[in-house]
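Undergrad:
Protein chains: 2
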Amino acid sequence: MIRKYIFGEPIETGAVVMELPECDQEIAVMDLEVKEEMIRLSCRMDEDDIVYGLGEQVRGINKRGFSYVSDATDDPVHTENKHSLYGVHNFMILCRENRAEKKEKSFGIFVDDPGKVVFDVGETHLDELVITAEENCVIYVIEGENLKDIVKQFRKLIGQSYVAPKWAFGYQQSRWGYQSESDIRKVVEGHRENGIPLDAVYLDIDYMERFKDFTVDTEKFPDFEGFTSEMKSEGVHLVPIIDAGVKIEKDYPIYEEGVKENYFCKDENGKDFVAAVWPGKVHFPDVLNSKAREWFGGKYRWLMEQGIEGFWNDMNEPAIFYSEERLKKAFEELLSMKDENLDLNSFSHIKDLVMGLSNSPEDYKSFYHNMDGKWICHEKVHNLYGFNMTRAAAEAFEKIAPEKRTLLFSRSSYIGMHRYGGIWTGDNNSWWSQILTSMQQMPSLNMVGILYTGSDIGGFGSDTTEDLLMRWLEFGMFTPLMRNHAALGTREQEVYQFDRIPEFRNIIRIRYSLVPYLYSEYMKAVLSDEMYFRPLSFDYPEDSQAYRVEDQLLVGDSIMIAPVYTQNAKGRYVYLPEEMLMVRMKSPEDRTSQVLGKGHHYVDVALDEVVIFVKKNHMLPFAVLDENVKSVSDVDENRLEWIGFADEYAEYVLYTDDGISKEYIPQEEWKLVRRSKEELSR
Amino acid sequence: MIRKYIFGEPIETGAVVMELPECDQEIAVMDLEVKEEMIRLSCRMDEDDIVYGLGEQVRGINKRGFSYVSDATDDPVHTENKHSLYGVHNFMILCRENRAEKKEKSFGIFVDDPGKVVFDVGETHLDELVITAEENCVIYVIEGENLKDIVKQFRKLIGQSYVAPKWAFGYQQSRWGYQSESDIRKVVEGHRENGIPLDAVYLDIDYMERFKDFTVDTEKFPDFEGFTSEMKSEGVHLVPIIDAGVKIEKDYPIYEEGVKENYFCKDENGKDFVAAVWPGKVHFPDVLNSKAREWFGGKYRWLMEQGIEGFWNDMNEPAIFYSEERLKKAFEELLSMKDENLDLNSFSHIKDLVMGLSNSPEDYKSFYHNMDGKWICHEKVHNLYGFNMTRAAAEAFEKIAPEKRTLLFSRSSYIGMHRYGGIWTGDNNSWWSQILTSMQQMPSLNMVGILYTGSDIGGFGSDTTEDLLMRWLEFGMFTPLMRNHAALGTREQEVYQFDRIPEFRNIIRIRYSLVPYLYSEYMKAVLSDEMYFRPLSFDYPEDSQAYRVEDQLLVGDSIMIAPVYTQNAKGRYVYLPEEMLMVRMKSPEDRTSQVLGKGHHYVDVALDEVVIFVKKNHMLPFAVLDENVKSVSDVDENRLEWIGFADEYAEYVLYTDDGISKEYIPQEEWKLVRRSKEELSR
């Protein structure tokens, strides 16, 4: 049951695909107060209530005890006190399933407001949930049978998730700093020489000519099409980055066209708004305008014609290093202090002045979108920019390459963008705590339909260590997007840079053995509007202990994972909500297993081991690999083992397709596989 | 067995109090390489080896998997990637007790070098320990019976720890932002009205006149002596902050004297070095010079004469906001860019220029100490500054108030400073992860003799939440320094600002009931050169699981703690290395208990509960409190319960004294208390 409430004159965000009538009753689940053009919704939370959701945010699976602010932000330091990250996902569930007395029902709420929304989930008062939004918005309240049902209803409301090509389930390598053909050849060789499967290498900003979108530096890549094809023959896809800002440079066609056709965002005087990002001064394509969106999307064609089949859209909060206007003013102010005695106040002021130049709210107030005839200040629609940049690309792909899937994911996002692409979880750090953060983000991203996602494995900022990378891979191998990515200036972290290359190879090979299962579960989640990653409580609603577990996840129908995310740990505690088969793997071939009973366990997990827990009477397909498997296309789906344990037999619904076309297999044709207990591998 | 190795011409640091002959053999425990005036010590680490120590650093009790750099740094963001914090403690133990085959012995190593030392504890290669230092240093290698013995030998080498007055075991409240008498009266009233015990309120920088050391702003405190006395009659001690930098201000006597007597650090031209900190431009007292140290220490007298009995020394890395010279140069550079087209490079350069002004290594190279006749560049002795500032105070106290203890702790430190004062662990943040970090720092600080210590409870930077503060108190109540402290601009976090005042009161009252035990254990650790906080492995060396435990600590002889440090947790896993009595407390009076067997347990711990685990046949004194207990002096040591469990009887060695005088009770007079199992409380 979804109820829709309209306040003021909402901006059409594109989040929702389902037409619903406006509910003529009052919101029953929360207290509403409208004051000074703001909406305030509040309710009490019982001690045992849990808040799930809010997509890409810091803190736990249970979001209680903090405030979250919907304000897409390029902030690479994801410490616990950050209220906003890159994506904005205003959907949460107040879960009351765990209450001793179930007087009130759980509900989901989606605040469809592209401006700033604050979710105070018990920060001010531990027991009080307060949501504050501007008066112009649409609010959806969803009640259902259980947590899964609430999510499923919400997912139907916002439409089916984007489908990535199957090769994008392979291992992928990235680094800000790869400059040229030879750099990339070295990376591919580093993997191939060590027998490490690899399906993609990413092109970060340096492949471009002076950071200009839709250009390739021909000195570094003299024959880009040839190189793309050479890499493809190695089983490797190249995935270039596309940034939001278009460089201001005379005779650069995209700049010239955009100016001529008025496709860029405007300042208050109607001039093209000038910000600075990687290329220096840029204009922002007005992707909220349907014509500009179509134009910008069309620009991907040139790269696709050279063999590119995947992209990542970056800097689309949009990030602003500085705006021309603000920098000018700051400099004037600095100059005015020239002859002053520089005391502590002026020093602090200088620091604030300089550090406040980037991603300034003032800048976001100072430019405008032409939303198909209506001028709207960016501030009001800030959180829609990344969504629409990605929509621009995806809509163009439908024309450029309608027959096949194109890999696409974004840094910034808003609910609804999941129909067009995935996300990665942005510029994290090489911190152990970020393994847990990324685990905890997965179910809340899945709740809003973002299924193709993962974190920068090994950590983007700061220096990784071998053990951190290995443990992170042991979690990241379960995320659809499994990408090792690092920043310029940090320690090189391709797996072959370390001492334990055979161990890394084994772990990555386990991923490839799991691809039939992970891909099947991903596709089923897409096509059934379900979650690929789930907190334990979603599957075991009657188990009060399950609600407490913050560091284990269900992955698909058959397995639970409990990765190690602390340094020097040789094991960890695991809670089993039912009897399960613990399978310990050192490689796809080197496995041992053991049935563990429901309850608490301390489990040894060596640094180079992957452990999964298989539900009883469930099983998973596990590919038998050739020694020289190089990419997903080498995984033979006709050579499957079935891992599991059963009283009599285990069952599994297997989804398979060609991994490329968009003719997805309808549910009635999915294969139910059954194996007797004797036929199961362990 | 301690072996001493001398390299080059070491600077006398004052770390060590014991005269030892130089060892004429080679270092046996590590491979030595001397090259380009650097010493490189290295050895292999087995998979099961553990590295303990390094004092105040980030990461776990086991320091493996990261590099630690000895370089006292004012850095308030204690994320995992930080290589240096405020204090420098170059002592570590390579523990091999946990090896399957004990071919090699554990050893401790102390690198007595006041400059930069790098401990690469398996960052570059997981299995390799590499220590790099300058050639002029003294290295001590310590072998012993076991971990405790190695620590004890080291502690004898560096001398007996500072003893805090007993009132400093009470609850203490601080905030950067308390301005005046009336602010502080409000804080005291807030506690007293709610029946919350309180022994001290801190005066952060605003009590001073324009941030000048050893001044009091007479507008805010018109009768400081009278106010100090008024507070003392309320059972509250005022503890003012003292900063390292002395304001440059004409007619300010301390500035004038320091200039006249050449007591300040000099620049390369022999002029008093100018840096800027809170007061704006300052000179740094040359506390490495014995005369300047005596002079600066003597300045504490004026405050002590007005009734002050405790101090905290801050900003003594020393922190530098900027130096006069560098700021001038930076401004010149900024001005030179005036007419340039400001591109991305110049923008980045401006950012680096401004942000690089603070705590610049270049500044530390540009001033000098007169170490009793010898001029030494600050860079070479950087890590000794905080130590010697605190030594200045402590040596002065011996003259000013020789008969009694004065509370003293510092932000920066070096090994040896523990003889003069404690430390607090600096400007942390209101992050859940910092509870764990502070737990993990405690044993490594205890190893180097720093026993009077604790973290800023509730978190200094960023906004706390009620649950974070409560859980943090449930750990902080076991640290000798139990202080709630927060930064200007953050949420007010005195416990009475929240909804659960009775629960906070109960938790703080439990601390007061524990004071007889905690104080007794602290004094015994001081007088026996032992650790008050210990990892489990120190007491249970035969238990291989004990080596894995990173989030539980032994506190004194009788108890183990396992605080909850994750948000929304309603319990946690606890490992018991032997059968113990779990005592669960909602208040000193509201206790339940249960015997738990050796092994793994999941233990419920409600938000407002304190749980301790008592060793078998051990017990602890627990004070029966009056309803209106206000301060430590109200805790009646003649009204003790004895909590514990025993087969037949339990024993405890109780240390008591007046808590004020320096006539500590010698070990032979400590009381052995015995209670039969029937006499024990639970």
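Protein chains in written order, with our numbering: chain W, 4 to 685; chain G, 4 to 685. C-beta atoms are modelled at their ideal positions from N, C-alpha and C, and glycine is treated no differently.
Quick check on the DSSP output: the alpha helix (DSSP H) that includes VAL384 of chain G runs from which residue to which?
TA: Start and end: 381-384.
Undergrad: What in chain G is Cβ-close to LEU97 of chain W, meaning under 9 Å?
TA: In chain order: nothing, as chain G lies at least about 14 Å away.
Undergrad: For a test of the three-state rule: what should DSSP assign to ILE668 of chain G, helix, strand or coil?
TA: It is coil, neither helix nor strand.
Undergrad: At a Cβ cut of 7 Å, what residues of the region 320-333 of chain G count as close to chain W, listed as they run along the chain?
TA: Residues passing the 7 Å Cβ filter: PHE324, TYR325 and LEU330.
Undergrad: Counting only beta-carbon separations shorter than 8 Å, does GLU83 of chain G have a partner in chain W?
TA: Yes, GLU83 of chain G counts as interfacial toward chain W.
Undergrad: Taking the continuous alpha helix (DSSP H) assigned at TYR258 of chain G, which residues delimit it?
TA: Looking at the DSSP string, the run of the alpha helix (DSSP H) that includes TYR258 of chain G is 256-264.
Undergrad: Contact between the region 297-313 of chain W and the region 295-310 of chain G is defined here as three or more beta-carbon pairs at a separation below 8 Å; is this criterion met?
TA: As far as the Cβ criterion goes, the region 297-313 of chain W does not touch the region 295-310 of chain G, which means the pair count is below three.
Undergrad: Could you name the residues that DSSP lists as bridge partners for PRO288 of chain G?
TA: BP columns for PRO288 of chain G point to G:PHE267.
Undergrad: In chain order, what are the residue ranges of uninterrupted beta strand (DSSP E) at least 3 long that sit wholly in the region 566-628 of chain W?
TA: Counting whole runs of 3 or more residues, the region 566-628 of chain W contains the beta strand (DSSP E) stretches 574-579, 583-588, 594-599, 602-607, 613-618 and 621-626.
Undergrad: Should SER561 of chain W be listed as close to the ligand MG, given that the test is whether its C-beta is under 7 Å from any heavy atom?
TA: Looking at this structure, you won't find the ligand MG or any other ligand, since it has none at all.
Undergrad: Decide if ILE597 of chain W is buried, meaning its Cβ has at least 16 other Cβ atoms within 10 Å, or exposed.
TA: According to the sequence provided, residue 597 of chain W is Gln. The question's Ile does not apply to it. It is exposed - the Cβ of GLN597 of chain W has fewer than 16 other Cβ atoms within 10 Å.
Undergrad: Nearest by alpha-carbon distance to ASN149 of chain W: which of W:MET4, W:LYS253 and W:TYR535 is it?
TA: Checking every option, the nearest Cα to that of ASN149 of chain W belongs to W:MET4.
Undergrad: Would you mind sorting HIS286 of chain G into buried or exposed? The rule is 16 or more other CB atoms within 10 Å of its CB.
TA: Counting Cβ neighbours within 10 Å, HIS286 of chain G comes out buried, since at least 16 surround it.
Undergrad: Do you know how far the Cα of TYR89 of chain G is from the Cα of ASN362 of chain G?
TA: Those two C-alpha atoms are separated by around 12 Å.
Undergrad: Since HIS604 of chain G contacts LEU579 of chain G with CB under 8 Å, what's their CB separation in whole angstroms?
TA: HIS604 of chain G to LEU579 of chain G, Cβ: 6 Å. Contact.
Undergrad: Start and end of the alpha helix (DSSP H) containing HIS352 of chain G?
TA: Start and end: 347-358.
Undergrad: Quick one: what does DSSP say TRP435 of chain G is sitting in, helix, strand or coil?
TA: Three-state DSSP puts TRP435 of chain G in coil, outside helix and strand.
Undergrad: Could you check the C-alpha separation between VAL19 of chain G and ASP246 of chain G for me, to the nearest Å?
TA: If you take the alpha carbons of VAL19 of chain G and ASP246 of chain G, they lie about 26 Å apart.
Undergrad: Compute the Euclidean distance between the alpha carbons of LYS284 of chain G and GLY11 of chain G, then round it to the nearest angstrom.
TA: Computed Cα separation, rounded: 37 Å.
Undergrad: Any residues in the region 561-574 of chain W with a beta carbon nearer than 9 Å to a beta carbon of chain G? Which ones, in chain order?
TA: Those residues of the region 561-574 of chain W that come within reach of chain G (Cβ to Cβ, closer than 9 Å) are THR569, GLN570, ASN571, ALA572, LYS573 and GLY574.
Undergrad: Rounded to whole angstroms, what is the Cα-Cα separation between LEU387 of chain G and ILE53 of chain W?
TA: In a straight line, the C-alpha of LEU387 of chain G is about 50 Å away from that of ILE53 of chain W.
Undergrad: DSSP three-state label for ASN319 of chain W, please.
TA: Coil.
Undergrad: For GLU553 of chain G, decide whether its Cβ has a neighbour in chain W, counting only Cβ atoms nearer than 8 Å.
TA: Yes, its Cβ sits closer than 8 Å to a Cβ of chain W.
Undergrad: On the three-pair Cβ rule with 8 Å, is the region 616-627 of chain G touching the region 643-652 of chain G?
TA: Touching, yes, given that three or more Cβ pairs across the two stretches are closer than 8 Å.
Undergrad: Applying a beta-carbon distance threshold of less than 9 Å, which residues of chain W neighbour LEU628 of chain G?
TA: Those within 9 Å of LEU628 of chain G in chain W number zero; the least Cβ separation is about 27 Å.
Undergrad: What three-state label does DSSP hand ILE403 of chain G in the structure shown?
TA: Residue state, collapsed to three classes: helix.
Undergrad: Against chain W, which members of the region 119-131 of chain G pass a CB distance test of less than 7 Å?
TA: Correct list: GLU126, HIS128 and LEU129.
Undergrad: For a contact meaning CB atoms closer than 7 Å, what does TRP435 of chain W contact in chain G?
TA: In chain order: GLU83.
Undergrad: For LEU241 of chain W, tell me which candidate among W:LEU448, W:THR16 and W:GLY173 has the shortest Cα-Cα distance.
TA: Among W:LEU448, W:THR16 and W:GLY173, the Cα nearest to that of LEU241 of chain W belongs to W:GLY173.
Undergrad: Please confirm if the region 131-147 of chain W is in contact with the region 190-200 of chain W, defined as three or more CB-CB distances below 8 Å between the two stretches.
TA: No: fewer than three Cβ pairs fall under 8 Å.
Undergrad: Write down every uninterrupted run of the beta strand (DSSP E) in the region 54-85 of chain G whose length is 3 residues or greater and which is fully enclosed by it, in chain order.
TA: If we require 3 residues or more, the beta strand (DSSP E) runs fully inside the region 54-85 of chain G come out as 69-73.
Undergrad: Considering only C-alpha positions, which residue in the set G:HIS352, G:GLU469 and G:ARG486 is nearest to ASN431 of chain G?
TA: Comparing Cα positions, the closest option is G:ARG486.
Undergrad: When you compare only the Cα positions, how much space is there between TYR367 of chain G and ALA278 of chain W?
TA: About 38 Å.
Undergrad: Report yes or no: is there a C-beta of chain W within less than 8 Å of the C-beta of HIS488 of chain G?
TA: Judged by the 8 Å Cβ criterion, HIS488 of chain G is not in contact with chain W.
Undergrad: Rounded C-beta distance between PHE299 of chain W and PRO243 of chain W? I'm assuming under 8 Å.
TA: Between PRO243 of chain W and PHE299 of chain W the Cβ distance is about 15 Å, and since that is not below 8 Å, they are no contact.
Undergrad: Against chain W, does PHE625 of chain G count as a neighbour if the rule is that its beta carbon must be under 8 Å from one of theirs?
TA: No - not a single Cβ of chain W is within 8 Å of the one on PHE625 of chain G.
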